[in-house]
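Chemist: Let me give you the structure first, and then I'll get to my questions.
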Amino acid sequence: MAYWLYKSEPKTWSWDQQVEAGEHGTPWNGVRNHVAKLNLMAMQVGERGFFYHSNEGKAVVGIVEVIRPYYPDDTDPTGRFGMVDLRAVEPLRRPVTLEAIKAEPRLKAMVLANNSRLSVQPVTAEEWEIVRGMGGLA
DNA sequence: GCCAACGTTGGC
DNA sequence: GCCAACGTTGGC
1 MAYWLYKSEP
11 KTWSWDQQVE
21 AGEHGTPWNG
31 VRNHVAKLNL
41 MAMQVGERGF
51 FYHSNEGKAV
61 VGIVEVIRPY
71 YPDDTDPTGR
81 FGMVDLRAVE
91 PLRRPVTLEA
101 IKAEPRLKAM
111 VLANNSRLSV
121 QPVTAEEWEI
131 VRGMGGLA
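Taken in order, the first sequence gives residues 1 to 138; the numbers are from full-length UniProt numbering.
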């Protein structure tokens, strides 16, 4: 069971929109980076991840779940990239900001703190628990 | 196959 | 709005 982190600019696709999309979820399309692609390909249905707002907010705001495994991204004219479908599971009780993550010594190795440009990132089980706790979830 | 030029991302 | 970091493109 792996954990992930998905970045999105709220102007483009926000947590609220993800929640509105409901149980059926939405495709996480638009990934055009090969490292992110490999992460998408490794995902299995039921695996959970953090939803992170980049640029505006700069915080983890919610938890999503993979509901459909990797398949071709129809917005990619080259056919090289794919996507998964995600649904919103629950919001954090309070957002966990990038600032707070960087200030937490146990999260020093977190990808978000070191390679902020990668749009789909792996999260370790330990990091998952720490950030969840910081977000007010048991 | 190398690498310079360019475009994009995202924190500040 | 700036700019550093990074990825991609394309000429050679």
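Cβ atoms here follow ideal geometry from the backbone N, Cα and C, with glycine treated the same way.
1) For Leu137, does the three-state DSSP call read helix, strand or coil?
2) Could you tell me the alpha carbon to alpha carbon distance between Ala125 and Ala2, rounded to whole angstroms?
3) What does the alpha-carbon distance come out to for the pair Ala138 and Arg132?
4) Return the chain-ordered list of same chain residues with a C-beta closer than 6 Å to the C-beta of Gln18, the five sequence neighbours on each side being excluded.
5) Do Leu38 and Gly82 have their beta-carbon atoms positioned less than 8 Å apart in this structure?
6) So Ile63 packs on Phe50, CB below 8 Å; how close in whole Å?
7) Once the 5 residues before and after Tyr70 are set aside, which same chain residues still bring their CB inside 6 Å of it?
8) Exposed or buried, what is Pro95 when buried is set at 16 or more other beta-carbons lying within 10 Å of its beta-carbon?
Modeler: Put simply:
1) Residue numbering aside, residue 137 sits at position 137 when the first sequence is read from its first letter. Leu137 falls in the coil class under three-state DSSP.
2) By one-based count along the first sequence, residue 125 stands at place 125. By one-based count along the first sequence, residue 2 stands at place 2. Cα-Cα distance, rounded: 7 Å.
3) Within the first sequence, residue 138 is the residue found at index 138, counting from 1. Within the first sequence, residue 132 is the residue found at index 132, counting from 1. Those two C-alpha atoms are separated by around 7 Å.
4) To locate residue 18, count along the first sequence from 1; it is residue 18. Closer than 6 Å at the Cβ level, and outside the excluded window around Gln18, lie Ala88.
5) On the first sequence, position 82 is the one that residue 82 refers to. On the first sequence, position 38 is the one that residue 38 refers to. No; because the gap between Cβ atoms is not below 8 Å, this pair is not in contact.
6) For the purposes of this step, residue 63 is identified with residue 63 of the first sequence, where counting begins at 1. For the purposes of this step, residue 50 is identified with residue 50 of the first sequence, where counting begins at 1. Indeed, because the Cβ distance is near 6 Å, the residues count as touching under 8 Å.
7) By 1-based counting over the first sequence, the position of residue 70 is 70. Excluding positions up to five away in sequence, the list reads Leu40, Met41, Gly82 and Val84.
8) Numbered from its first residue, the first sequence carries residue 95 at position 95. When all chains shown are included, Pro95 counts as buried.
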